[in-house]
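Taken in order, the sequence shown gives residues 278 to 974; the numbers are from this note's numbering. All C-beta atoms, glycine included, are put in the ideal place defined by N, C-alpha and C.
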Amino acid sequence: MDTDPAACIKNVKRLVVKVGTAVVTRHDGRLAVGRLGALCEQLKELNSQGYEVVLVTSGAVGLGRQRLRYRKLVNSSLADLQNPQVELDGKACAAVGQNSLMALYDTLFSQLDVTSSQHLVTDSDFRNDSFREQLSETVKSLLALKVIPVFNENDAVSTRRAPYEDSSGIFWDNDSLAGLLAMEVKADLLVLLSDVEGLYSGPPSDPNSKLIHTYIKEKHQAEITFGDKSRLGRGGMTAKVDAAVCAASSGIPVVITSGYATDNIIKLLQGKPVGTLFHKDAHLWTSVNEVDAREMAVAARECSRRLQAMSSEDRRKLLLDVADALEANESLIMAENEADVAAAKADGYEKALISRLALKPGKASISLAKSIRVLADMEEPIGHIVKRTDLADGLILEKTSCPLCVLLIVFESRPDAFVQIASLAIRTGNGLLLKGGKEARRSNAILHKIITSAIPDSVGDKLIGLVASREDIPDLLKLDDVIDLVIPRGSNSLVSQINNSTKIPVLGHADRVCHVYVDKSANPDMAKKIVRDAKIDYPAACNTMETLLLHQDLSNNDLLKELLAELRREGVTLYGGPRASSLLNLPRAQSLHCEYSSLASHTDCIVTEDREVAEMFLHRVDSAAVFHNANTRFCDGARFGLGAEVGVSTSRVHARGPVGVEGLLTTRWILRGSGQVVDGDKGVTYSHKDLPLQTQI
């Protein structure tokens with residue numbers, strides 16, 4: 278299950294934000310006015326959007342200490358300065374700092390046209406039931422008036438002797454106060470702002486420490502090593518985790534994130550992954566024994582080597598078993614897929630995504646299983662001899678095909694892609710790590726379970742690993758010593774992001790805009806048929822026409838009017854380029870380089886009867902696939918006879934166009950000799966004679 282905060286933090290209306298001393302102050306103890314100003318601007322923005330915000334702030338003691346030190350310095354004689362300096366009383370520092378801190382908040386909020394209120398509380402206050410009831414009522418009234426209540430523990434009069442050892446305490450610091458207030462006022466979310474990005478597996482300064490995106494008590498409690506406590510405050514990360522665990526167990530989601538960023542709270546409420554999430558149901562999302570990224574990749578590699586060691590017939594049988602398993606479990610697959618589709622509709626996903634997400638009844642038993650059987654019956658791809666050469670007397674060189682070994686595929690929406698990719702990996706002897714979109718979570722999970730259950734123990738079900746969360750992707754992208762190829766299937770932004778985040782070779786869809794060019798010599802009926810089918814057949818597919826180009830001589834031709842009328846009748850939204858928008862009175866396209874994946878076309882095939890023009894187009898247009906008088910929808914692995922595809926590559930290196938079996942293989946050189954040595958090439962006569970090919974299986 279995806280641990281995406283967007284799916285866990287929903288319908289937030291009231292939130293408590295706690296800002297720590299390390300955020301409020303600089304390293305020299307002075308106030309970090311810039312950070313405080315940015316925080317107040319975020320809270321103002323939330324306030325104006327209708328959120329109810331309660332702020333819990335630290336920093337009074339640090340600010341008071343800095344001011345009292347200055348005052349003491351001003352009033353000291355030279356002799357006083359030569360004596361050892363006595364540490365200032367913490368309660369006096371708190372009393373002075375509280376006044377200054379609240380005055381600053383009042384000034385900052387006033388500049389933003391926001392009203393705030395001050396509340397100093399102590400541990401003993403919360404022992405009084407009447408106080409707690411009145412506190413909730415007061416906060417409720419203030420929030421209704423769009424006032425931001427600002428809370429701080431009244432350290433100046435606190436009677437607690439040992440903050441972290443007094444078991445009778447109700448709260449021990451501003452972190453636990455924030456957690457308590459979140460429960461008292463029935464907040465929908467608690468945000469704890471720190472000086473680091475979130476909770477790490479070890480001290481953040483340790484390069485081996487990893488950011489924990491979702492805290493699972495059963496998994497992380499014994500694994501985490503905490504560093505030093507806060508440089509200025511009392512609790513540090515240990516106190517934040519304790520407060521977060523307590524609040525989360527009561528049903529309030531908690532996020533620990535950096536207060537140094539200027540917009541982390543807003544990003545969080547927009548559903549973006551920020552910091553470390555604590556949630557009462559986190560243990561249900563991911564297995565406590567879930568392996569980490571490296572273990573998963575290494576396991577896939579080991580299983581891949583065992584798969585390669587199987588005979589060709591055994592690998593073929595494995596594919597047939599997968600096809601049979603899919604057919605036998607079609608009702609279960611459809612039930613999970615229908616649940617995904619219903620959830621996507623409820624969450625307001627676009628029609629194009631829902632179209633890609635939905636499996637048509639019978640697709641598992643007819644289309645998907647059929648494509649797997651086609652793969653199984655194809656020529657054995659592993660060990661295929663590409664070239665044989667007689668180098669010299671008794672030296673035979675062979676160039677043979679072999680698996681890449683471990684593939685990482687990141688794809689969006691389409692559960693049928695899961696089946697195609699998994700079957701191609703098995704056919705080519707590759708281990709596989711798959712990360713599908715969260716919208717297809719249930720579909721992918723059941724497909725993974727069914728497919729891996731068909732893999733024999735001699736290979737191991739870890740041959741195909743299902744990546745639980747997109748938050749695992751950054752760790753996987755670092756494994757250039759284990760993972761051999763990354764294939765992102767999805768938006769251009771996804772491909773670009775992955776390209777910029779890894780040293781592993783990437784084979785992706787960098788651009789997927791399909792054009793249909795209607796030449797002046799085009800057969801009108803053929804043109805209408807191709808254009809309509811290229812857009813209407815399956816608008817969500819990546820091989821659907823996005824741009825319609827027409828020869829300028831057709832601008833006043835009946836064919837143009839008929840083409841536009843036909844597309845409009847089918848519900849296509851039309852946009853025009855710089856000339857077409859004014860000529861045809863169409864809305865101006867924002868870009869001529871856009872993949873709509875829907876019934877929207879601002880508009881690589883040529884429709885023409887002129888063979889000379891056609892040949893010029895076919896050989897000069899720099900696209901992965903170029904067609905003459907044929908629909909762009911034919912650019913598909915199954916239609917090309919590849920059995921299946923992992924995607925359509927627009928790269929120029931390694932593989933281009935629909936990527937099937939060949940795109941998931943590489944080559945190795947095998948030299949067979951009988952004791953020959955180079956020895957400066959003395960006595961060696963090179964023949965370099967091509968020999969007949971013999972397939973090695």
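Problem set entry | Supposed close pair T927, A811 - CB separation, criterion 8 Å | Counting from 1 along the sequence shown, the entry for residue 927 is found at position 650. Counting from 1 along the sequence shown, the entry for residue 811 is found at position 534. Not really, about 18 Å apart at Cβ, beyond 8 Å.
Exercise. So what's E675 in DSSP terms, helix, strand or just coil?
Worked result: Numbered from its first residue, the sequence shown carries residue 675 at position 398. It is a strand residue.
Problem set entry | Bridge-paired residues (DSSP) for L827 | Residue 827 sits at position 550 when you count from the first residue of the sequence shown. Note: L827 sits in a beta bridge opposite V795.
Exercise. By a C-beta neighbour count over all protein chains shown, 10 Å radius and 16 as the cutoff for buried, is Q388 buried or exposed?
Worked result: Along the sequence shown, one-based indexing puts residue 388 at 111. Exposed is the call here.
For this session: Can you give me the start and stop residues for the beta strand (DSSP E) that T666 sits inside?
Result: Counted from its first residue, the sequence shown places residue 666 at position 389. Where T666 is concerned, the enclosing beta strand (DSSP E) stretches over 662–669.
Exercise. Quick one: is S526 buried, meaning 16 or more other Cβ sit within 10 Å of its Cβ, or exposed?
Worked result: Counted from its first residue, the sequence shown places residue 526 at position 249. Counting Cβ neighbours within 10 Å, S526 comes out exposed, since fewer than 16 surround it.
Exercise. Do you know whose CA, among N431, K549, G952, V849, lies nearest V373's CA?
Worked result: Counting from 1 along the sequence shown, the entry for residue 373 is found at position 96. Of the listed residues, the one whose Cα sits closest to V373 is N431.
Problem set entry | Own chain partners of A455 with C-beta closer than 7 Å, once the 5 adjacent residues on each side are dropped | On the sequence shown, residue 455 is found 178 positions in, with the first residue counted as 1. Only V293, K295, V333, L467, L469, A520 meet the Cβ criterion.
For this session: Tell me whether P440 sits in a helix, a strand or coil according to DSSP, three-state version.
Result: Reading the sequence shown from its first residue, position 163 is the one you call residue 440. In this prediction, P440 has a pLDDT of 44, which is less than 50 and means its spatial position is unreliable; what the coordinates show is noted afterwards. In the structure shown, P440 sits in coil (DSSP, three-state: anything other than H, G, I, E or B).
Exercise. Count the other CB atoms within 10 Å of the CB of K290; is the residue buried (16 or more) or exposed (fewer)?
Worked result: Translated into positions along the sequence shown, residue 290 becomes position 13. K290 comes out exposed.
Exercise. In terms of residues, what are the limits of the alpha helix (DSSP H) holding T553?
Worked result: Within the sequence shown, the letter at position 276 stands for residue 553. Per DSSP, T553 belongs to no alpha helix (DSSP H); it is in the beta strand (DSSP E), 553–555.
Exercise. Unbroken alpha helix (DSSP H) runs of length 4 or more, entirely within the region 552–636: which are they?
Worked result: 559–562, 570–586, 589–605, 607–623, 628–634
Exercise. Counting contacts by CB-CB distance shorter than 9 Å, is L827 in contact with chain C?
Worked result: Note that chain C does not occur in the displayed structure, where there is just one protein chain.
Problem set entry | First and last residue of the uninterrupted beta strand (DSSP E) at L942 | Within the sequence shown, residue 942 is the residue found at index 665, counting from 1. It spans 942–949 - the beta strand (DSSP E) in which L942 sits, taken as one unbroken run.
Problem set entry | Whole-Å CB distance - L308 paired with P680, under 8 Å assumed | Translated into positions along the sequence shown, residue 308 becomes position 31. Translated into positions along the sequence shown, residue 680 becomes position 403. With a Cβ gap of about 60 Å, L308 and P680 do not count as contacting.
Exercise. To the nearest angstrom, how far is it from the Cα of I807 to the Cα of C791?
Worked result: Sequence index remark: in the sequence shown, residue 807 carries index 530 (1-based). Sequence index remark: in the sequence shown, residue 791 carries index 514 (1-based). Their backbone Cα atoms lie some 13 Å apart in a straight line.
Problem set entry | Burial state of K664, where buried means 16 or more other Cβ atoms lie within 10 Å | Numbered from 1 along the sequence shown, position 387 holds the residue referred to as residue 664. Exposed is the call here.
For this session: Give a yes or no on whether the C-beta atoms belonging to D830 and K797 are separated by under 9 Å.
Result: The count along the sequence shown starts at 1 and reaches residue 830 at position 553. The count along the sequence shown starts at 1 and reaches residue 797 at position 520. For D830 and K797, yes; Cβs fall inside 9 Å.
Exercise. Since C882 sits in a beta bridge, which residues does DSSP pair it with?
Worked result: What you label residue 882 is simply residue 605 of the sequence shown in a count that begins at 1. The partner list for C882 (beta bridge, DSSP) reads V793, F904.
Exercise. What first and last residue would you give for the beta strand (DSSP E) that runs through K966?
Worked result: Position 689 of the sequence shown, counted from the start, is the residue given in the question as residue 966. K966 -> beta strand (DSSP E) spans 963–968.
For this session: Tell me, to the nearest whole angstrom, how far the beta carbon of I727 is from that of A602; I am working on the premise that it is less than 8 Å.
Result: Translated into positions along the sequence shown, residue 727 becomes position 450. Translated into positions along the sequence shown, residue 602 becomes position 325. Sure, about 5 Å apart at Cβ, within 8 Å.
Exercise. Short check: CB of L220 to CB of N429, under 9 Å?
Worked result: Beyond the ends of the chain as shown, which are 278 and 974, falls residue 220; an answer cannot be given.
Problem set entry | Rounded distance between the beta-carbons of L724 and F695, thought under 8 Å | Position 418 of the sequence shown, counting from 1, holds the residue named residue 695. Position 447 of the sequence shown, counting from 1, holds the residue named residue 724. That belief holds up - the Cβ atoms of F695 and L724 are roughly 5 Å apart, short of 8 Å.
For this session: Could you pull the start and end residues of the beta strand (DSSP E) that G934 belongs to?
Result: Within the sequence shown, the letter at position 657 stands for residue 934. Here the beta strand (DSSP E) through G934 covers 934–936.
Exercise. Would a C-beta distance cut-off of 9 Å place T491 and E322 closer than the cut-off?
Worked result: By 1-based counting over the sequence shown, the position of residue 491 is 214. By 1-based counting over the sequence shown, the position of residue 322 is 45. No, the Cβ-Cβ distance between T491 and E322 is not below 9 Å.
Exercise. Would you call the region 857–867 and the region 885–904 in contact, with 3 or more CB pairs under 8 Å?
Worked result: no
Exercise. What separation, rounded to the nearest whole angstrom, lies between the Cα atoms of Q585 and L743?
Worked result: Mapped onto the sequence shown, residue 585 falls at position 308. Mapped onto the sequence shown, residue 743 falls at position 466. The alpha-carbon atoms of Q585 and L743 are separated by roughly 21 Å.
Exercise. Sorted by chain position, which residues of the same chain lie with C-beta nearer than 8 Å to A804's C-beta, five sequence neighbours on each side aside?
Worked result: In the sequence shown, counting from the first residue as 1, residue 804 sits at position 527. These residues qualify, in order along the chain: V795, L836, L840, V884.
For this session: Give me the Cα-Cα distance between A371 and A464, rounded to the nearest whole angstrom.
Result: Counting from 1 along the sequence shown, the entry for residue 371 is found at position 94. Counting from 1 along the sequence shown, the entry for residue 464 is found at position 187. About 28 Å.
Exercise. If you drop the 5 nearest sequence neighbours on each side, which residues of the same chain put their C-beta closer than 7 Å to that of G924?
Worked result: For the purposes of this step, residue 924 is taken as the residue at position 647 of the sequence shown. Only I764, R766, H786, V936 meet the Cβ criterion.
Exercise. Nearest to S648 by CA position, among R691, P782, V416, A600, is which residue?
Worked result: Position 371 of the sequence shown, counted from the first residue, corresponds to residue 648. When only C-alpha atoms are compared, the closest one is A600.
For this session: Please work out which residues of its chain come closer than 8 Å, Cβ to Cβ, to K966, disregarding the five sequence neighbours upstream and downstream, and give them in chain order.
Result: Residue numbering aside, residue 966 sits at position 689 when the sequence shown is read from its first letter. For K966, where only same-chain residues beyond five positions count, the Cβ hits under 8 Å are T666, D667.
Exercise. What are the boundary residues of the alpha helix (DSSP H) that includes I813?
Worked result: Mapped onto the sequence shown, residue 813 falls at position 536. Run containing I813: 801–813, per the alpha helix (DSSP H) assignment.
Exercise. Smallest Cα separation from G339: which of T302, V310, V330?
Worked result: Mapped onto the sequence shown, residue 339 falls at position 62. Nearest of T302, V310, V330 to G339, Cα basis: T302.
Exercise. When the Cα atoms are used, what is the spatial distance from V683 to M587?
Worked result: Taking the sequence shown and counting its residues from 1, one reaches residue 683 at position 406. Taking the sequence shown and counting its residues from 1, one reaches residue 587 at position 310. If I take the Cα positions, the gap works out to 17 Å.
For this session: Please confirm if the region 544–560 is in contact with the region 698–712, defined as three or more CB-CB distances below 8 Å between the two stretches.
Result: no
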